[in-house]
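A short write-up of the structure that comes next.
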DNA sequence: CTTTGACTTAGAGTATGCTCTAAGTTGCTA
DNA sequence: TAGCAACTTAGAGCATACTCTAAGTCAAAG
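Protein chains in written order, with the working numbering: chain A, 5 to 116; chain B, 5 to 116.
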């Protein structure tokens, strides 16, 4: 896949994919004969998962940690990164539930 | 209350409170004889609610919209801002639930 | 009366995460 | 083979939300 196709498939712009590669969040894929990026299915799968982590609020720093651990075969480290993120998500959920309550209360108070 | 007390009470730094005032998110409070900010109980209550909205992910732009409507007595507009925010919170909650599922799945797949 | 510390302002600097530009190369299509 | 779209790079610019600095004022404590 070329970068534009990956961009369409994953919802991350080509600019942003290159930016992630520059930041070390993603590895540079193989290049074709004319020097253009050529992404394998495995590459695309990883980028898709990166998109998911990004959308769920994981910082690029943490995503980079996860990706690097994955690539280097440090599965336990990759798992730890995911578990930490899961905890953060659950914390976020608790907070949001709280803020929903508080906001509803405020709305009710103002409605009367 | 002086700015430092407000800062301690609301958890927003004095720097940030001044920044909010500069940005028009908050109104400048009355100043005492030596030109120092002097916050009334009503001011502090509002700043506390701003802190709550900020922590729940509302943008400064939207908080400003809410605060301005409140101050100008446009109660219906203030309510609309809160209702929109509530919808966003509920959307966020849905997303987070989804990402919790996906992340748990990924963890389980990697654990085997 | 001087020192200490909190206050004031304008404005610069930082962190995160993009987003775009410029200048140039390459590859398909008519 | 000319033209156009997509690719390449380095690097600049932008949005959000702070966070800090410099230079100065002011008031209470020792």
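Ideal Cβ positions, reconstructed from N, Cα and C, are used throughout, including at glycine.
> For residue 67 of chain B and chain A, any beta-carbon pair shorter than 8 Å?
Replying inline: no
> Going by beta carbon distance, what residues of the same chain come within less than 7 Å of residue 74 of chain B, once the five residues before and after it are set aside?
Replying inline: 82
> Starting from residue 17 of chain B and walking both ways along the alpha helix (DSSP H), at which residues does that stretch end?
Replying inline: Premise fails: residue 17 of chain B is in no alpha helix (DSSP H) and is neither H nor E.
>> Please list the terminal residues of the continuous alpha helix (DSSP H) segment that includes residue 96 of chain A.
In response: 79-115
>> If distances are taken between C-alpha atoms only, which option among B:103, B:99 and B:69 comes closest to residue 28 of chain B?
In response: B:69
>> With DSSP as the reference, identify every bridge partner of residue 41 of chain A, one or two as the case may be.
In response: A:35
> What residues from the region 101-115 of chain B come within 9 Å of chain A, judged by C-beta to C-beta, listed N to C?
Replying inline: 101, 102, 103, 104, 106, 107, 108, 110, 111, 114 and 115
> How far does the alpha helix (DSSP H) with residue 74 of chain B in it reach, from first residue to last?
Replying inline: 64-75
> Looking at the C-beta of residue 27 of chain B, does it have a partner C-beta in chain A at a distance below 8 Å?
Replying inline: no
>> On a Cα-Cα basis, can you pick out the residue from A:112, A:72 and A:6 that is closest to residue 38 of chain A?
In response: A:6
> How about residue 60 of chain A and residue 93 of chain A: do their beta carbons lie closer than 8 Å?
Replying inline: yes
> Looking at the C-beta of residue 41 of chain A, does it have a partner C-beta in chain B at a distance below 8 Å?
Replying inline: no
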